[in-house]
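Asks:
There are 2 protein chains.
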Amino acid sequence: MEKPNKNMTRRDFLNQVGRLGGAVAVFGAMDTLGLFGTPTYAMKSDFNLPKKGDLPNGKNGKTIIILGAGIAGLCAAYEMSKVGYNCKILEARDRVGGRNWTVRPGTTETEIGGVSQTAQFARGEYFNAGPARIPQHHITMDYCRELGVPLEIFTNTNEHAYYYRENVGALANTKIRKQMIKADIRGQVSELLAKAVNQSALDSELSAEDKERILTYLRGEGGLNANYQYTGSSARGYDIFPAAGLEPGKVGDPYTLNQLLASGMPNSISGEYSFNQQPNMFQPVGGMDAIPKAFEEQLPGKITFGAEVKEIRQSPDGVKILYTGKGKGNGAGSGNLREITGDYCICTIPLPVLTKIPADFSSEMQRAIGSISYATTGKIGLQYKRRFWEEDERVYGGMTTTNLDINQIWYPSSGYGTQKGTVVGYYNFGNDAVALGDMSIAQRQAHALAQGVKIHGANYKKELEAGFSLAWHKIEYSEGGWANYSASQRQNEYVTLNKPDGRIHLAGEHLSYMTGWMSGAIESALIAVGTIHEEVMKSPSVAS
Amino acid sequence: MEKPNKNMTRRDFLNQVGRLGGAVAVFGAMDTLGLFGTPTYAMKSDFNLPKKGDLPNGKNGKTIIILGAGIAGLCAAYEMSKVGYNCKILEARDRVGGRNWTVRPGTTETEIGGVSQTAQFARGEYFNAGPARIPQHHITMDYCRELGVPLEIFTNTNEHAYYYRENVGALANTKIRKQMIKADIRGQVSELLAKAVNQSALDSELSAEDKERILTYLRGEGGLNANYQYTGSSARGYDIFPAAGLEPGKVGDPYTLNQLLASGMPNSISGEYSFNQQPNMFQPVGGMDAIPKAFEEQLPGKITFGAEVKEIRQSPDGVKILYTGKGKGNGAGSGNLREITGDYCICTIPLPVLTKIPADFSSEMQRAIGSISYATTGKIGLQYKRRFWEEDERVYGGMTTTNLDINQIWYPSSGYGTQKGTVVGYYNFGNDAVALGDMSIAQRQAHALAQGVKIHGANYKKELEAGFSLAWHKIEYSEGGWANYSASQRQNEYVTLNKPDGRIHLAGEHLSYMTGWMSGAIESALIAVGTIHEEVMKSPSVAS
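These protein sequence lines map, in sequence, to chains X and R.
Counting from 1, one number per residue, gives the positions in the first sequence under UniProt numbering.
Counting from 1, one number per residue, gives the positions in the second sequence under UniProt numbering.
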């Protein structure tokens, strides 16, 4: 694999992002594409990041005030501190990570509205309340490597997990292993297409040679017999399993095309191949918060916790932030209004929170900030005393896909074969998330259990030990899962949000086309870092 | 999930395996199937295993001589020792596991023919020369749970790994990410079928309602546009990736149906869904030999290493085994012929080895043993100083599928994001395995590297640190990968091999319909255990 051609990527950069007038991510490695047909994805090395020595002896290092110690803020501070910038992070919470939040034994949260709970999980049990999976092509992988965060597979797909759809078609109210639905729809659809091909219905589309070839493909892909009929295939699993001794096994009868189509289940399959969901995906060993914690270790003394931003001010010469402390953390007083000043500000505060903070933004920027709605989304972690899904049902990892308001059930991607395990009992969006979020903590859990019992039977309720639920739109300092842009907002408000506003640069997942992903936050932070650094380098005070 | 109905499984047992006249695996849990449409697979609890207390005070415990400390022999000894049988294992090698063999720093092997090598791997690097993956539905998972063997995901599928086919069609000699081929063939085939449906070519097959439904399915599955055309989809990956800032990304142009069919690549897809290959698959953390080692820990003093079986004798009253020691292990003399006697023998020696040992088998059994050929198969482990496949190419785990004689390249399923990594540079079969096996160690490695360079470029050679190759058909005491039965042999010789021959019971993967899998060895061992125990229980000396 050759390294990307730097001239090409620079040209792409100039063509694509000249509008921003800043130092922005450079993508493509188009020569690689040309050579292999396989782009190598965005990499850290594709960004125009400051290098050690850019700031002579560090003496011209400016002070950068970073609002928020989520992934974007931490990453910006990490890269800028490396080369000598004086970075100061204000963080409202008592922890790093922001929406990257791993709920562990003793985790306490009071939601907006006053609903409060403490996780009663057993030692070692946890669930990732925010981001929970990393596609292998995301730049997040580069930071895990650089920071030494150990990774393991996140099992986004598991053929042995189930589809379950309530009150839809002939297969309603029955959990069916994904392998069965996939094998059967592929088989039935392959049989159908083979029929059309063999009846010469597609002769205008296919050469004689391609007719033969597509029939060969369909026979393999669909598991068709020599007459191009689908009568079931081992890919769907067996009714009687091939065994030792004299048992060769027996494949079950397939579902009919009509049953499959009426069930709607096959329509869920393609989601598992989508660009950001296909294998392999990863998670840090022991919890997603290993990533912010690894950044934090690199930033000793630079983070002020419990610092709630009250005003964001700027002049042509610098920025000034007013904040209150909570009597915790590094230098924040208890409730007194404090002031911090710097040369630039990188503001990663989510827009629904930022819009309520008095700030010296242009009116265009202020309007843009106030116009973007955030996703409603919720999750529940359910700790079980026994992994019945593994032991009794042979479902090791992955997720069950339903049309219930719980949407999905996630089985843990670690600790396979051990005793306890923590399932994500719902991960839902939109109105479902609002409805469950409006319930009491006890009601949410009771509801999640009642839905899960439909799939897993009584064990789902009986073997529960502890639960912890949250509604992201009700979590203080976040107020939503991620930015939701309309197509029109992408053309207008989004462009405004991406422009530096004087000395203030916004960063976060909301400044990306990868909203809701840590990679969006990271890449956006790297753009802010690069843009500020470019400006600093151009300023006369640095010339020596 | 209800427990299997014991009456039903007993009926199945009687119906299916009465021919054997022994205590045999009971499968199906048919009530579960009836209830959910989802069989729960073979489980340890489905076998009629001896229970503690079956042998009163252990005083009637018979002596069981077990030949071979591979998975079958270890499992049989483990289950029988639990209830008071006196188990003695003779093992020709200096280690447990048999074909379950993890090559580590310092591993030395001299193949039949005299080729010799020692693994120069770095500390912590290894590869599994034999079995390397466990499907989640195999009974092997139950033993990992019971023995406390930690498991992690084996990445059998990875959409970012490649297809590579030499000299075939328009896409020849180009590595192409699997995601691209899969998305494009699904897209093109979906477009084709949608065309047939829309042209009413399949009206006799589909109701009006199902026509609408199948079009909806094809649009999603194929990533078709509103006109049912495939113009590429994000599932295939991007030419320019969606990024932070103002880059929404750009999907590349798809390959044509003709290109895809001519390449032959789509014909490789269905293998990834096959029953024993689909996600999720597992491996023990740190090497597959964790499984035999965990059994070994449960069998202190019961294994004689370096004991090469020379004769297998039996009478109506018992069995007698003659063997030579190698001056190592527990009680074996150095080269002197030794004798051990017992009540029963469980013989797990692979048939190509067993056929050469003088034994008191019936002539029918002796003929059957000599008639079964074993798979030729080979592997090479290649240790690299840097994981360029991860770092440069964003391939984290999984395997590249080729039409070269190396067949496959496996990327490591652990240590993601770390420095060094050990790739399996070939895993091949049949004539390819014979040809590479006939080379010198140096030639094998040079050949594997030359082939891999075609896919990964110069790094594949440049960054290599150490290699270790093997040809299973040339490994002493194994002489092949697994039993290969013809359909006719399954009807004849296989039935003979499954019958106890006097006091000798064969066990191993070759006594199963899961040849080559550890689950076949385990289930076969459990059948031998159950059959012997049933006979012992019926014998007058046990009645008290």
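For each residue, glycine too, the CB sits at the ideal point set by N, CA and C.
Keep in mind it's a predicted model, so treat the numbers as computed, not measured.
#1: Alpha carbons only, please: which of R:Y238, R:F305, R:K499, R:S373 is nearest the one belonging to T515 of chain R?
#2: So D210 of chain R contacts chain X; which residues on that side make the cut at Cβ distance below 9 Å?
#3: Over what stretch of residues does the beta strand (DSSP E) that includes R313 of chain X continue unbroken?
#4: When you compare the CB of Y416 of chain X with every CB in chain R, is at least one pair closer than 8 Å?
#5: On a Cα-Cα basis, can you pick out the residue from X:T422, X:F47, X:K356, X:G70 that is closest to F305 of chain X?
#6: Which runs of the alpha helix (DSSP H) at least 4 residues long sit entirely within the segment 113-142 of chain R? Give them in chain order.
#7: Is L90 of chain R buried or exposed, if buried means 16 or more other CB atoms sit within 10 Å of its CB?
#8: Could you compute how far the alpha carbon of H456 of chain X sits from the alpha carbon of W389 of chain X?
#9: Which residues, taken in chain order from the segment 340-372 of chain R, show a beta carbon closer than 7 Å to some beta carbon of chain X?
#10: Tell me the rounded alpha-carbon separation between G415 of chain R and R123 of chain X.
#11: Can you check whether the C-beta of Q408 of chain X is within less than 8 Å of a C-beta belonging to chain R?
#12: Does the structure place the segment 355-372 of chain X close enough to the segment 394-412 of chain X that three or more beta carbon pairs sit under 8 Å?
#13: Assuming residue 546 of chain R and Q383 of chain R are in contact, meaning their beta carbons sit under 8 Å apart, how far apart are those beta carbons, in whole angstroms?
#14: Please name the residue or residues paired with D501 of chain R in a DSSP beta bridge.
#15: Checking the sheet assignment: what are the DSSP bridge partners for I372 of chain R?
#16: Start and end of the alpha helix (DSSP H) containing S81 of chain R?
#17: Under 8 Å by Cβ, that's how I've got A92 of chain R and Y477 of chain R pegged, so tell me the actual separation to the nearest angstrom.
#18: By how many angstroms is the C-alpha of N198 of chain R removed from the C-alpha of N100 of chain R?
#19: Can you say whether N336 of chain X is buried or exposed, counting buried as having 16 or more other CB atoms within 10 angstroms of its CB?
#20: Run through the DSSP bridge pairs and tell me what F154 of chain X is partnered with.
#21: Residue 552 of chain X versus chain R: which residues are under 8 Å apart at the beta carbon?
#22: Is the beta carbon of F121 of chain X sitting closer than 8 Å to the one on R95 of chain X?
#23: At 7 Å on the CB atoms, spell out the chain X contacts of N498 of chain R, in chain order.
#24: Does DSSP put K454 of chain R in a helix, a strand or coil?
#25: Within a Cβ cutoff of 7 Å, which residues of the same chain sit near S268 of chain X, ignoring the five residues on either side of it in sequence?
#26: Taking 8 Å as the CB-CB limit, is H137 of chain R close to chain X?
#27: Any idea if G21 of chain R is buried or exposed, counting beta-carbon neighbours within 10 angstroms, 16 or more meaning buried?
#28: C347 of chain X to G73 of chain X, Cα distance in whole Å?
#29: Out of X:G342, X:E311, X:G325, which one is the CA nearest neighbour of D317 of chain X?
#30: By alpha-carbon positions, which one of R:A521, R:K182, R:R165, R:S486 ends up nearest to Y273 of chain R?
#31: Within the 8 Å Cβ cut-off, does N158 of chain X reach chain R?
#32: Determine which residues of the segment 508-520 of chain X have a Cβ less than 7 Å from any Cβ of chain R, and write them out in chain order.
#33: For W482 of chain R, which residues in the same chain have their Cβ closer than 6 Å to its Cβ, ignoring the five residues on either side in sequence?
#34: Decide if R219 of chain R is buried, meaning its Cβ has at least 16 other Cβ atoms within 10 Å, or exposed.
#35: What is the DSSP secondary structure of Y164 of chain X, counted as helix, strand or coil?
#36: Can you tell me the Cα-Cα spacing of L449 of chain R and K82 of chain R, whole angstroms?
Replies: According to the data block:
#1: Reading the second sequence from its first residue, position 515 is the one you call residue 515 of chain R. The option with the nearest alpha carbon to T515 of chain R is R:S373.
#2: To locate residue 210 of chain R, count along the second sequence from 1; it is residue 210. The answer, in chain order, is L257, N258, L261, A262.
#3: Indexing the first sequence from 1 puts residue 313 of chain X at position 313. 308-315 is the extent of the beta strand (DSSP E) around R313 of chain X.
#4: Residue 416 of chain X sits at position 416 when you count from the first residue of the first sequence. Yes, because at least one Cβ of chain R sits closer than 8 Å to the Cβ of Y416 of chain X.
#5: Residue mapping note: residue 305 of chain X aligns to position 305 of the first sequence, counting from 1. It is X:G70 whose Cα lies nearest to the Cα of F305 of chain X.
#6: Within the segment 113-142 of chain R, no run of alpha helix (DSSP H) at least 4 residues long lies entirely inside it.
#7: Walking along the second sequence from the start, residue 90 of chain R turns up at place 90. So L90 of chain R counts as buried.
#8: Translated into the one-based positions of the first sequence, residue 456 of chain X becomes position 456. Translated into the one-based positions of the first sequence, residue 389 of chain X becomes position 389. So the two alpha carbons sit approximately 8 Å from each other.
#9: Going along the segment 340-372 of chain R in chain order, one finds no residue with a Cβ nearer than 7 Å to chain X.
#10: By 1-based counting over the second sequence, the position of residue 415 of chain R is 415. By 1-based counting over the first sequence, the position of residue 123 of chain X is 123. Each residue's Cα considered, the two are about 25 Å apart.
#11: Taking the first sequence and counting its residues from 1, one reaches residue 408 of chain X at position 408. So, not an interface residue.
#12: Counting C-beta pairs with one atom in each stretch, the segment 394-412 of chain X and the segment 355-372 of chain X have fewer than three that are closer than 8 Å, which means they do not touch.
#13: Outside the shown range of chain R, which is 1 to 544, sits residue 546 of chain R, and nothing can be said about it.
#14: Here residue 501 of chain R refers to the residue found at position 501 when the second sequence is read from its first residue. For D501 of chain R, the pairing in a beta bridge is given by DSSP as R:I504.
#15: If you number the second sequence from 1, residue 372 of chain R lands on position 372. I372 of chain R has no beta-bridge partner at all, per DSSP.
#16: Along the second sequence, read from residue 1 onward, the residue named residue 81 of chain R stands at position 81. Note, S81 of chain R: alpha helix (DSSP H), 71-82.
#17: Reading the second sequence from its first residue, position 92 is the one you call residue 92 of chain R. Reading the second sequence from its first residue, position 477 is the one you call residue 477 of chain R. Contact between A92 of chain R and Y477 of chain R holds, with the beta-carbon distance rounding to 5 Å and staying under 8 Å.
#18: On the second sequence, position 100 is the one that residue 100 of chain R refers to. On the second sequence, position 198 is the one that residue 198 of chain R refers to. Pairing N100 of chain R with N198 of chain R, the inter-Cα distance amounts to about 54 Å.
#19: Looking up residue 336 of chain X in the first sequence gives position 336. Per the 10 Å Cβ criterion, exposed.
#20: Mapped onto the first sequence, residue 154 of chain X falls at position 154. Checking the DSSP bridge columns, you'll see F154 of chain X partnered with X:M281.
#21: Because chain X spans 1 through 544 in this model, residue 552 of chain X falls outside it and cannot be assessed.
#22: Here residue 121 of chain X refers to the residue found at position 121 when the first sequence is read from its first residue. Here residue 95 of chain X refers to the residue found at position 95 when the first sequence is read from its first residue. No, these two residues do not count as a Cβ contact at 8 Å.
#23: Along the second sequence, read from residue 1 onward, the residue named residue 498 of chain R stands at position 498. The contacting residues are G245, L246.
#24: Here residue 454 of chain R corresponds to residue number 454 of the second sequence, with the count starting at 1. Three-state DSSP puts K454 of chain R in a helix.
#25: In the first sequence, the residue the question calls residue 268 of chain X occupies position 268. In its chain, beyond the 5 residues on either side, Y163, T401 have a beta carbon closer than 7 Å to the beta carbon of S268 of chain X.
#26: Residue 137 of chain R sits at position 137 when you count from the first residue of the second sequence. Yes, H137 of chain R counts as interfacial toward chain X.
#27: As a first step, residue 21 of chain R must be located in the second sequence, where it is residue number 21. Residue placement at G21 of chain R is flagged as unreliable, the pLDDT there being 31, under the threshold of 50; the coordinate-derived value follows with that caveat. The Cβ neighbour count for G21 of chain R, taken over all protein chains shown within 10 Å, is under 16; the residue is labelled exposed.
#28: Position 347 of the first sequence holds residue 347 of chain X. Position 73 of the first sequence holds residue 73 of chain X. Between the alpha carbons of C347 of chain X and G73 of chain X lies a distance of about 8 Å.
#29: Taking the first residue of the first sequence as position 1, residue 317 of chain X is located at position 317. Comparing C-alpha distances from D317 of chain X to each of X:G342, X:E311, X:G325 shows the shortest one belongs to X:G342.
#30: Here residue 273 of chain R corresponds to residue number 273 of the second sequence, with the count starting at 1. For the residues R:A521, R:K182, R:R165, R:S486, the minimum Cα distance to Y273 of chain R belongs to R:K182.
#31: Walking along the first sequence from the start, residue 158 of chain X turns up at place 158. For N158 of chain X, the answer is yes, since a Cβ of chain R falls inside 8 Å of its Cβ.
#32: If the cut-off is 7 Å between Cβ atoms, the segment 508-520 of chain X has L511, S512, Y513, M514, G520 near chain R.
#33: Your numbering for residue 482 of chain R matches position 482 in the second sequence. Taken in chain order, the residues that qualify are A375, E509, T515, G516.
#34: Counting from one through the second sequence, the residue named residue 219 of chain R turns up at place 219. Buried.
#35: Residue mapping note: residue 164 of chain X aligns to position 164 of the first sequence, counting from 1. Three-state DSSP puts Y164 of chain X in a strand.
#36: As a first step, residue 449 of chain R must be located in the second sequence, where it is residue number 449. As a first step, residue 82 of chain R must be located in the second sequence, where it is residue number 82. Cα to Cα, L449 of chain R sits roughly 48 Å from K82 of chain R.
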